[in-house]
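Written out below as structure tokens is the structure these notes cover.
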Amino acid sequence: MSATAPSAQILARLRDAIGDVRVGQTDVLPFDIDPLDARLTDGGIALNGLHEVTSTTPTLTDDAAATLFAVGVAARAAARSGRRVLWALTRFDLYAPGLEQAGLNPATLLFAEVREDKDVLAVMEDGLRHGGLAAVVGEVKRADMVATRRLQLAAVTGNTPALLSRRWRRQGVCPLTELSAAMTRWRIASAPSTRLPAPGVGRARWMVELARQRGGPGFTMELEACDDTGRLALPAASRDRATAAAGATARAA
33 MSATAPSAQI LARLRDAIGD VRVGQTDVLP FDIDPLDARL TDGGIALNGL HEVTSTTPTL
93 TDDAAATLFA VGVAARAAAR SGRRVLWALT RFDLYAPGLE QAGLNPATLL FAEVREDKDV
153 LAVMEDGLRH GGLAAVVGEV KRADMVATRR LQLAAVTGNT PALLSRRWRR QGVCPLTELS
213 AAMTRWRIAS APSTRLPAPG VGRARWMVEL ARQRGGPGFT MELEACDDTG RLALPAASRD
273 RATAAAGATA RAA
């Protein structure tokens with residue numbers, strides 16, 4: 033028994049319909065840094081997907097940078113939607129003033145402290161499916177492919193971004209070696225801050241590595257750390273180079 037082949041007209045309508053659905057489902061949160069957003073497949077963080085963050089090394093400085101990177105994304109999502117952020121973890125070690133300096137007002141946070149990683153993942157899934165939160169953040173040491181698939185599906189269902197902070201379990205084994213259904217996977221490390229003309233500490237810098245993204249290559253960029261609105265920035269030298277290039281292009285035209 034042979035099936036009738038669909039006509040070219042039917043196939044064209046199906047492709048158009050699928051394209052419309054994909055456009056309608058993909059809403060993004062850009063970083064508002066052109067060189068960064070241009071390298072992201074969706075032009076920003078997809079607000080209906082799972083995104084993973086880890087530190088490049090298990091040092092305290094890199095771990096803090098990775099946490100604040102997630103804080104910045106959550107803060108901008110909260111500012112955009114006017115909703116709260118759910119943060120699930122097994123050990124409460126977050127520093128409220130540090131969160132606020134990265135743009136996330138502790139008053140907008142809902143914390144869920146549980147016993148084990150599996151409980152963190154369950155809380156995240158419930159929060160994502162609820163659909164009434166700006167973002168859901170969770171800290172775990174282990175999450176297998178099945179768990180990340182469930183989080184990705186829940187993020188799509190609730191149209192809510194999931195930020196999974198993967199903590200180091202043992203030296204020499206990056207947490208991102210585990211398979212995952214995440215749309216993006218980020219590694220964050222501290223970098224030397226800008227020298228100031230007078231004694232003092234300049235704005236912190238990070239090496240931000242997109243280890244993997246769906247539909248595009250990874251990359252690494254040096255950026256200034258989150259400000260009090262959760263926004264990253266290009267280092268001053270990079271901004272000057274971008275301005276100079278733009279000026280040269282205008283003169284050539």
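For my numbering, count along the sequence shown from 1 and bump the result up by 32. Glycine included, each C-beta is placed from N, C-alpha and C at the ideal position. Predicted model only: the values in this text are computed from it and were never measured.
**OP:** Determine, using beta carbons only, whether VAL178 and SER197 come nearer to each other than 8 Å.
**Re:** Taking the sequence shown and counting its residues from 1, the one referred to as residue 178 is at position 146. Taking the sequence shown and counting its residues from 1, the one referred to as residue 197 is at position 165. Taking 8 Å as the Cβ cut-off, VAL178 and SER197 do not qualify as a contacting pair.
Original post:
Who are the Cβ neighbours of LEU131 in its own chain at under 7 Å, not counting the five residues just before and after it?
Top reply: Within the sequence shown, numbered from 1, the residue matching residue 131 stands at position 99. Counting only Cβ-Cβ distances below 7 Å, and skipping sequence neighbours, we find VAL103, PRO138.
Original post:
Within 10 angstroms of its Cβ, does LEU195 collect 16 or more other Cβ (buried), or is it exposed?
Top reply: Looking up residue 195 in the sequence shown gives position 163. That one is buried.
Original post:
Which residues in the same chain as ASP260 place their Cβ atom closer than 7 Å to its Cβ, once the five residues preceding and following it in sequence are excluded?
Top reply: In the sequence shown, residue 260 corresponds to position 228, counting from 1. For ASP260, where only same-chain residues beyond five positions count, the Cβ hits under 7 Å are GLN133, GLY135.
Subject >> Rounded Cβ spacing between LEU264 and PHE63 (contact assumed at less than 8 Å) >> reply: The count along the sequence shown starts at 1 and reaches residue 264 at position 232. The count along the sequence shown starts at 1 and reaches residue 63 at position 31. 6 Å between Cβ atoms; contact.
**OP:** Assign GLY190 to one of three DSSP states: helix, strand, or coil.
**Re:** Within the sequence shown, numbered from 1, the residue matching residue 190 stands at position 158. Helix, per DSSP.
Subject >> Beta-carbon separation (whole angstroms), VAL146 vs VAL172, contact threshold 8 Å >> reply: Numbered from 1 along the sequence shown, position 114 holds the residue referred to as residue 146. Numbered from 1 along the sequence shown, position 140 holds the residue referred to as residue 172. So it is not a contact: roughly 11 Å between Cβ atoms.
Subject >> Cβ contact (3+ pairs, closer than 8 Å) linking the region 209-227 and the region 84-100 >> reply: yes
Subject >> C-beta contact flag for ASN191 and GLY164 at 8 Å >> reply: Sequence index remark: in the sequence shown, residue 191 carries index 159 (1-based). Sequence index remark: in the sequence shown, residue 164 carries index 132 (1-based). Contact: no.
**OP:** Going by CA-CA distance only, name the one from ASP149, VAL85, PRO129, VAL60 that's closest to SER113.
**Re:** One-based indexing of the sequence shown puts residue 113 at position 81. Per the Cα distances, VAL60.
**OP:** Can you say whether CYS148 is buried or exposed, counting buried as having 16 or more other CB atoms within 10 angstroms of its CB?
**Re:** Counting from 1 along the sequence shown, the entry for residue 148 is found at position 116. The amino acid occupying residue 148 in the given sequence is Glu; Cys does not appear at that position. By the neighbour-count rule (16 or more Cβ atoms within 10 Å), GLU148 is not buried but exposed.
**OP:** Determine the direct distance from the alpha carbon of PHE251 to that of GLU241, and round the result to whole angstroms.
**Re:** Residue numbering aside, residue 241 sits at position 209 when the sequence shown is read from its first letter. Residue numbering aside, residue 251 sits at position 219 when the sequence shown is read from its first letter. Spanning the two alpha carbons is a distance of roughly 6 Å.
**OP:** Under 8 Å Cβ to Cβ from ARG116, same chain only, skipping five residues before and after it: list those, please.
**Re:** Counting from one through the sequence shown, the residue named residue 116 turns up at place 84. Once the five neighbours on either side are set aside, the close Cβ partners of ARG116 are ALA110, THR140, LEU141, LEU142, LEU165, ALA166.
Subject >> Cβ distance (whole Å) where ALA214 is taken to contact LEU82 below 8 Å >> reply: By 1-based counting over the sequence shown, the position of residue 214 is 182. By 1-based counting over the sequence shown, the position of residue 82 is 50. 5 Å between Cβ atoms; contact.
Original post:
Under the DSSP definition of a beta bridge, which residues are partnered with PHE124?
Top reply: To locate residue 124, count along the sequence shown from 1; it is residue 92. In DSSP, PHE124 forms no bridge with anything.
**OP:** Following the continuous alpha helix (DSSP H) through MET156, name the residue where it begins and the one where it ends.
**Re:** Counting from one through the sequence shown, the residue named residue 156 turns up at place 124. Element bounds for MET156: 149-162.
Subject >> Where THR226 falls, given that 16 or more other Cβ within 10 Å makes a residue buried >> reply: Residue mapping note: residue 226 aligns to position 194 of the sequence shown, counting from 1. By the neighbour-count rule (16 or more Cβ atoms within 10 Å), THR226 is not buried but exposed.
Subject >> Proximity of GLY75 and ASP66 at Cβ, strictly below 8 Å >> reply: In the sequence shown, the residue the question calls residue 75 occupies position 43. In the sequence shown, the residue the question calls residue 66 occupies position 34. The answer is no: Cβ separation not under 8 Å.
Subject >> Coil, strand or helix - VAL53 by DSSP >> reply: On the sequence shown, residue 53 is found 21 positions in, with the first residue counted as 1. Low per-residue confidence applies at VAL53: pLDDT is 39, beneath 50, and the placement is therefore not dependable, though the value from the model is reported in the following sentence. Helix, per DSSP.
**OP:** With distances taken Cα to Cα, identify the nearest neighbour of THR209 among THR86, PRO193, ALA78.
**Re:** For the purposes of this step, residue 209 is identified with residue 177 of the sequence shown, where counting begins at 1. Nearest of THR86, PRO193, ALA78 to THR209, Cα basis: THR86.
**OP:** Below 8 Å CB to CB, which residues in the same chain sit around THR73 once its five sequence neighbours on both sides are set aside?
**Re:** Counting from one through the sequence shown, the residue named residue 73 turns up at place 41. Closer than 8 Å at the Cβ level, and outside the excluded window around THR73, lie GLN245, ARG246, GLY247, GLY248.
**OP:** Keeping to the same chain, check which residues put their C-beta closer than 8 Å to that of ARG237; ignore five residues upstream and five downstream.
**Re:** Along the sequence shown, read from residue 1 onward, the residue named residue 237 stands at position 205. For ARG237, where only same-chain residues beyond five positions count, the Cβ hits under 8 Å are SER222, ALA223, PRO224, SER225, THR226, GLU254, LEU255, GLU256, ALA257, PRO267.
Original post:
How many Å lie between ARG71 and GLY159 at the Cα?
Top reply: Mapped onto the sequence shown, residue 71 falls at position 39. Mapped onto the sequence shown, residue 159 falls at position 127. Their backbone Cα atoms lie some 30 Å apart in a straight line.
Subject >> C-beta contact flag for SER212 and THR180 at 8 Å >> reply: Here the question's residue 212 lines up with position 180 in the sequence shown. Here the question's residue 180 lines up with position 148 in the sequence shown. Contact flag set, yes.
**OP:** Determine, using beta carbons only, whether ARG161 and ALA144 come nearer to each other than 8 Å.
**Re:** As a position in the sequence shown, residue 161 is number 129, starting the count at 1. As a position in the sequence shown, residue 144 is number 112, starting the count at 1. Against a cut-off of 8 Å, the Cβ pair of ALA144 and ARG161 comes out as no contact.
Original post:
Since LEU101 is in the alpha helix (DSSP H), which residue starts that stretch and which ends it?
Top reply: For the purposes of this step, residue 101 is taken as residue 69 along the sequence shown, with counting starting at 1. In the sequence as presented, Leu is not what sits at residue 101; that position holds Phe. Where PHE101 is concerned, the enclosing alpha helix (DSSP H) stretches over 92-113.
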